[in-house]
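Chains as they are written, first to last, in the working numbering: chain A, 1 to 256; chain B, 257 to 613.
Note that the Cβ used here is the ideal one computed from N, Cα and C, for glycine as well.
Keep in mind it's a predicted model, so treat the numbers as computed, not measured.
A short write-up of the structure that comes next.
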Amino acid sequence: MIDAVRSEWIKLRTTRATVLFIGFAVAIPVIFSVLSAVLTKNPQDKSSRELFNNMVLGPCYFTGFFAGIVGALGIGQEYRHNTIRVTFTADPRRSRVLAAKLIVNTLFGLGIGLVALLLCLGVSSTILNSRHAHMSIYDPGVNLSAFIGQVVLCGLFTLAGFGLCSAIRQPAAAIPILLVWPLVVESILFGIINSATGSERATRFLPFREGFRIANSDTFDGSSGAFGRLGAGLYFGIFVAIIVAIGWVLTLRRDA
Amino acid sequence: MPTDASGSATTTSVRSMISAVGLSKHYGPTLAVDQLTFDVKPGHVTGFLGPNGSGKSTTMRLLLGLDRPSAGSSTFGGTPYHQLQHPLREVGALLDAAYVHPSRKARHHLWGLAASNGIAKKRVDEVLGLVGLSEVANHRVKTYSLGMKQRLGIAAALLGDPHTMILDEPGNGLDPEGIRWIRDFLAYLAKQGRTVFVSSHLLSEMALMADQLVVIGQGRLMEEGSVASIVDRYADKYVRVRSPQLEQLVALVIAKGATSTMTPDRAAQLRGVPVEAVGELAAANNIVLHELTNESGSLEEAFLNLTGVAQQYRTTAVPTAAGQATTPPPSSSSVPSVSPPSGSFPPPPPMQTGGRS
Chain A
1 MIDAVRSEWI KLRTTRATVL FIGFAVAIPV IFSVLSAVLT KNPQDKSSRE LFNNMVLGPC
61 YFTGFFAGIV GALGIGQEYR HNTIRVTFTA DPRRSRVLAA KLIVNTLFGL GIGLVALLLC
121 LGVSSTILNS RHAHMSIYDP GVNLSAFIGQ VVLCGLFTLA GFGLCSAIRQ PAAAIPILLV
181 WPLVVESILF GIINSATGSE RATRFLPFRE GFRIANSDTF DGSSGAFGRL GAGLYFGIFV
241 AIIVAIGWVL TLRRDA
Chain B
257 MPTDASGSAT TTSVRSMISA VGLSKHYGPT LAVDQLTFDV KPGHVTGFLG PNGSGKSTTM
317 RLLLGLDRPS AGSSTFGGTP YHQLQHPLRE VGALLDAAYV HPSRKARHHL WGLAASNGIA
377 KKRVDEVLGL VGLSEVANHR VKTYSLGMKQ RLGIAAALLG DPHTMILDEP GNGLDPEGIR
437 WIRDFLAYLA KQGRTVFVSS HLLSEMALMA DQLVVIGQGR LMEEGSVASI VDRYADKYVR
497 VRSPQLEQLV ALVIAKGATS TMTPDRAAQL RGVPVEAVGE LAAANNIVLH ELTNESGSLE
557 EAFLNLTGVA QQYRTTAVPT AAGQATTPPP SSSSVPSVSP PSGSFPPPPP MQTGGRS
């Protein structure tokens, strides 16, 4: 298993497209964080929680999507270039290969989420300090669990991308689905369900919407009928696990 | 390695034999491989021949566990491929040179494969040197020509120093020097007692490369045996003779029970009589001979005769200058059927730095 993980690690870090997306996943949030820290008017008048939301959590939503793309590319590029045949020839125990890919890609997703958040936090804090405003992850009101939730979200997005691309074997199809589903499809469904039921309660079953809530700095008291942070995380996690399981089974059953 | 710890040749032979038993593969209603049973023995280069669409590549994928057989099984020394602990150390495979990520460097591609089977990185440099890619090892694969990719694929197959090699069209894209190198190299591997199973569309090349053949058509086994025996059985054999007293000689030979066909260049093709008998008959009757040649058919001719009924994709007739359609005649040139194994392993031709060769 260690050999398989080592092999996947080499593949991940030696593929240009993956490296490029990892760069985007970190650089783009940092750029938005810097712009936000520089352009925000009177930051000293804003609460630490609001600043944290605008300059750390908000920009790092991008990282989740990029982490999903990295996850999709982790196996999708193997299908696109038919290298999956070389991979399964070198190690015909497909479950071991998939497990190794899953471990490496998920750790990478978690890693880029953490790095992007820390960079955004560090850079925006420095800029805010120079503007006599203060923001810290330990400030009262700033939700540390949202920070952790964002890292977890990146990992789950990576898994979702991986599972989706394992199932449909086409990164060119999996990546748009990964972007359009949460951003467009669930938004439309949210509107329809909300209009139909007159309540947000039923919309809690939209998986990506719940997923994003684990990285939200708002408190969860369950009064709106929505899942709590842990419940939302579990619900999204189960949804992602189902996608991964489908991709896994199909990969084992199909011809390479 | 070709020998086990005790150096037992018998054990090695058993370990490295490829066996397919009743192998079948359906793709929907299409039967790609039909009850295929054959053995590939160590110590030989075994050619895998068949017309386009006959199921050669599918069979190779089935052997390697990439495709699931609809029926039957295959083993390497009695072990199914998916149960091999370190497959690259047991079986080296090249299915398609294009199965490489284009933006990855050749060295990194091999590092990834080596790591998956616990093979040291220094072996990567060794195999890159062996196939002549050392100087371009840090170039991205998308800058490689087809021939260079083919060499990279061969390098990948050699990574684990396996006792069995499965190569699908290894000569594709190689220049003449490269083709000669791969031919000598495969003969060298076979001479070491390894099992070499190689498919190729280039029949003249196969005639030089292989000493055993597995021939399939429409997914079924058509013939299995040595190249010499298959050529002997399926290719046309005759004695070609030219003489100023040709009619007299032909009459004498026909009287002995042979048959004769006249050719446009005033020669006769005599069938059913050995060349020695024709020579002796001519000498005994004071017949002057200008030519007396024993013509044995080529592997190409034997292959076409053997697989004629199993051709799935046929070419149309070639139009002649006169506007008539004719099929190309079988080659009459004799191709040596077996290449003597190379005594020494020739160094590979080095690749030029700076991209395509």
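Check: Per-residue contacts from LYS101 of chain A into chain B (C-beta, under 8 Å); Outcome: Ordered by position in chain B, no residue passes the 8 Å Cβ test against LYS101 of chain A, which lies about 12 Å from the chain.
Check: As assigned by DSSP and simplified to three states, the class of ASP290 of chain B; Outcome: strand
Check: Same chain, Cβ closer than 8 Å to VAL30 of chain A, five either side skipped, listed in chain order; Outcome: PRO59, ALA116, LEU119, CYS120, VAL123
Check: Where PHE205 of chain A sits in the DSSP three-state scheme; Outcome: helix
Check: Three or more C-beta pairs below 8 Å linking the segment 294-305 of chain B and the segment 450-462 of chain B; Outcome: yes
Check: CB contact check: GLN580 of chain B to chain A, cutoff 7 Å; Outcome: Because GLN580 of chain B sits at a pLDDT of 45, beneath the cut-off of 50, its placement in the model cannot be relied upon, and the following sentence gives the value as read from the coordinates. No - not a single Cβ of chain A is within 7 Å of the one on GLN580 of chain B.
Check: Inter-stretch contact at 8 Å, needing at least 3 Cβ pairs: the segment 532-541 of chain B / the segment 440-452 of chain B; Outcome: no
Check: Distance cut-off 6 Å: PRO176 of chain A Cβ against heavy atoms of the ligand GDP; Outcome: For the structure depicted, the ligand GDP is absent and the ligand set is empty, with no information on it obtainable.
Check: Whole-angstrom distance between ALA443 of chain B and VAL470 of chain B, CA atom to CA atom; Outcome: 17 Å
Check: Cβ contact (3+ pairs, closer than 8 Å) linking the segment 284-291 of chain B and the segment 202-214 of chain A; Outcome: no
Check: Within 7 Å, strictly: CB atoms of ILE112 of chain A and ALA25 of chain A; Outcome: yes
Check: Residues near GLY403 of chain B in its chain [Cβ-Cβ closer than 7 Å; skip 5 each side]; Outcome: GLY429, LEU430, ASP431, GLY434, SER613
Check: With 16 other Cβ atoms within 10 Å as the buried cut-off, status of VAL509 of chain B; Outcome: buried
Check: Chain A contacts from the segment 310-333 of chain B (Cβ-Cβ distance under 7 Å); Outcome: LEU320, GLY321, LEU322, ASP323, ARG324
Check: Identity of the residue in B:VAL531, B:GLY528, B:LEU459 nearest LEU560 of chain B by Cα; Outcome: B:LEU459
Check: Segment contact, 8 Å Cβ cut-off, at least three pairs: the segment 79-91 of chain A with the segment 54-69 of chain A; Outcome: no
Check: The segment 166-181 of chain A / the segment 70-77 of chain A touching (three or more Cβ pairs under 8 Å); Outcome: yes
Check: Alpha-carbon spacing of PHE62 of chain A relative to LEU384 of chain B, whole angstroms; Outcome: 41 Å
Check: Beta-carbon gap between GLY333 of chain B and MET273 of chain B smaller than 7 Å; Outcome: yes
Check: As assigned by DSSP and simplified to three states, the class of GLY513 of chain B; Outcome: coil
Check: Reduced DSSP category for TYR235 of chain A - H, G, I as helix; E, B as strand; rest coil; Outcome: helix
Check: Start-to-end residues for the alpha helix (DSSP H) that takes in SER482 of chain B; Outcome: Premise fails: SER482 of chain B lies in the beta strand (DSSP E), 476-482, not in any alpha helix (DSSP H).
Check: Residue from A:ARG229, A:VAL184, A:LEU107 with nearest C-alpha to ARG204 of chain A; Outcome: A:ARG229
Check: Range covered by the beta strand (DSSP E) that runs through MET421 of chain B; Outcome: 420-424
Check: Within 7 Å, strictly: CB atoms of LYS281 of chain B and LEU319 of chain B; Outcome: no
Check: Cα-Cα separation, ALA466 of chain B to VAL301 of chain B; Outcome: 5 Å
Check: For ALA558 of chain B and ALA514 of chain B, believed in contact at Cβ under 8 Å, the rounded distance; Outcome: Not confirmed; about 22 Å, so no contact.
Check: Closest by C-alpha distance to LEU275 of chain A, when choosing among A:GLY237, A:PHE227, A:GLY198, A:LEU206; Outcome: Residue coverage of chain A in this structure runs from 1 to 256, which leaves residue 275 of chain A outside it and unanswerable.
Check: Validate contact between the segment 237-251 of chain A and the segment 178-191 of chain A using beta carbons, cut 8 Å, 3 pairs; Outcome: no
Check: Endpoints, beta strand (DSSP E) assigned at HIS282 of chain B; Outcome: 274-283
Check: Of the residues B:GLN468, B:ILE472, B:PRO500, the one placed nearest SER485 of chain B, counting alpha carbons only; Outcome: B:GLN468
Check: Beta-carbon neighbours of ARG16 of chain A, restricted to chain B and to distances below 7 Å; Outcome: SER359
Check: Closer than 8 Å at the beta carbon, the chain B residues around ASN82 of chain A; Outcome: ASP352, ALA354, TYR355
Check: Assigned exposure category for ALA349 of chain B - 16 Cβ within 10 Å defines buried; Outcome: buried
Check: Candidates B:ASP295, B:ASP417, B:ASP323: closest to GLU346 of chain B by CA position; Outcome: B:ASP417
Check: TRP437 of chain B at chain A interface by Cβ criterion, 7 Å; Outcome: no
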